[in-house]
Structures are given as C-alpha cells and as structure tokens.
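Visitor:
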Amino acid sequence: MRGRRRKPRPPIPWRSPWTFVVCLAGGAVVAAIAVTSAMAKDVVVVVDGKRTAVRSFAASVRDALGDAGVALGYGDVVRPPAQQPLADGATIEVRRARPIKLTLDGRTSEHLVTSTDVAGALAELAIPAAAGQVSAPPDEAVPLSGMALTVYTRRKVYVVAGATRLVARTTARTVREVLRQERVDLGHGYLTYYADGDTRRRGASLAALKRRYRAAGWELMEDELPDFLPVVLEFAALDATGAEVLREHRVGLELLRAALERRGSPYALVVGAVCGTLPPATAEQRAEVRRLAAGGPPAESVGRQT
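According to full-length UniProt numbering, numbering within the sequence shown proceeds without interruption in unit steps and concludes at 306.
1) Tell me which residue opens and which closes the alpha helix (DSSP H) that residue 267 is part of.
2) I need the straight-line Cα distance from residue 63 to residue 113, nearest angstrom please.
3) For the segment 100–167, list the alpha helix (DSSP H) runs that are entirely contained and at least 4 residues long, ordered along the chain.
4) Note down, one range per segment and in chain order, each beta strand (DSSP E) of at least 3 residues found wholly within the segment 29–95.
5) Which of helix, strand or coil does DSSP assign to residue 192?
6) Residues in its own chain within less than 7 angstroms of residue 37 by CB, not counting five upstream and five downstream?
7) What does the alpha-carbon distance come out to for the pair residue 60 and residue 41?
8) Do you know offhand how far residue 291's Cα is from residue 251's?
9) Verify the CB distance criterion: does residue 266 have a CB-CB separation below 8 angstroms to chain C?
10) Could you work out which residue in 126, 122, 214 is closest to residue 136 when comparing CA atoms only?
11) Give me the Cα-Cα distance between residue 296 and residue 274, rounded to the nearest whole angstrom.
12) From 74, 88, 94, pick the residue whose C-alpha is nearest to that of residue 65; which is it?
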C-alpha cells in the first residue's frame, strides 16, 4: 500500500529569529512605562488658598510650579522652598505678595505682605488690629494690586492744664485734637497772628506754611490752621525742617509767651521751654518783639480813610 506524504508542519512563531527581538522590545516598553510611572509625582499646589492637583515629572518645587502654570513674582512666599527637591505627595503653598501703603500715626511707608485680608496684613506688620483705629475692617480682602491703610494707634497721653492733670487713651491724630477732646483751651496760640495780625500778609504766611508742610508729605486736618503752635510743634517732632519753622517764627513765639504770661496761663512755661531749645533771639528780633508788644498786632490799612 502506497503511503501518503505528510504535510509540512507550520513554523512555530517562537522559533522565528525575530521572536527574541520582539520580546526584548516589548519588555523595554513595559519597563519604560513602569519607570515613567515611578518618576511621576502627584502633588497639590495651593495658591492663596486655592488648591489644584498636579501630576508632574519635575525634580524641584520650582519646576512643579512651572508645570502647574504658576509663575513666581517678587516677594512671593513659597513653602517648601522653590529649590527643594520635589517629593511625591507634597503640598506646595504659594502666597502672593501684595503692596501695602501704610500710614501709621501720620508717617507713611510701603511694605509687601502675603496675607489676603486686612487683619493678616496688620499681623505681618506687627500692628495689633484692636490697638487703635484702622481705615478698613479686619475681614476686608487685600487685592493683588495692593491697598492703602491708615492706622492711628491708641496711646496714653498726659495733659497738664494748670493744677489739673489728665490721663487719656486716644487715637487723636494731632495735639489740637487731644486738647479738644479733653476740652483744654489754649487761648490765641497762632504764631503769625502776633506778627501779622488779621491782615492779608498773614494769609500769605499761612499759605507758605501749608506749602512747606505739603512738601514734607504732611497734610493738615480741614479745620486746622498751619500756624497753631501745637501743629507747628507736631511738625517739628516729625520732620527735620520743623526746627527751622520755629526759628523763623521766633518773634511770634516770644509774643505768644508774653500774652500767656499776662493771662497767668501755665502754658507760658511750655512756650518758654520751646524758646529755650532755639538759638538766642537776635537784637533785631528783640526790637521787633518790643515794638509789636507795645502796639499790638498789625491791622489792615488798605482801603481805609486817613
């Protein structure tokens, strides 16, 4: 019996010369995926309280912020530090810097804070929110563009009026305001009045004083005259040019002291103490004091019949 010839067996795939190459490539892909997955880090970025989950391959905190589209500006605070290596599961906090123009008891300065409300900003500036009068409520938001804050701290003030000694805690902005709150009358304490009287020349003197204050960044209250002695003394305490103002009005100071002495006012001693801090009056100034003391303040003569 004649036998049949067998069909050839199909080739076994794993015996192919390319099998090893294909397996090696597949293994490399799987390994690459595993390594890549191991390198990826899940982090949370918090910018001014807003949380965002980010998957990043970054090596540092700064690079992770770049992956999250967060650019850092001058004064921004980052925790952990931007140069620190990035750990899987880390939380990165960014607090944006906000400019604050602070006027504290009449003095203005500029600062950067990262707090998002007024109470936090004051805390960063070491100013207790309950220690005085603040121009904005504690819960008001501080915008990224910044804001201006005016703060008057509550201070203990001693007022001695004759035999009366008063102790007050006040947020008053000026000496005059304190005296008004405590109902203390200084009398006619205006320096230019004694030298210029109620004349147009006094108006020019007052305008010149206002310009000088404004040039020094000092603004008066609406109802204040610039030659009122407490105002001048306050300016002298806050600005280096204040002593020059006192020297220029030495005649007015001497006339004011004489007027207070005639009234028996204890404030004559205070004005005398102020005069004692200045250079001695010149012979010309002493002669002017005698002339005005004898004739009284000048009166407007323009337009009068003679």
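Glycine is no exception: its CB is placed at the ideal position from the N, C-alpha and C atoms.
Guide: According to the structure data:
1) 267–276
2) 24 angstroms
3) 118–124
4) 41–47, 50–56, 77–79, 91–95
5) helix
6) Confidence at residue 37 is low in this model, with a pLDDT of 46, below 50, so the placement of that residue is unreliable and no value is reported for it.
7) 11 angstroms
8) 11 angstroms
9) No chain C is part of this structure, which consists of one protein chain only.
10) 122
11) 22 angstroms
12) 94
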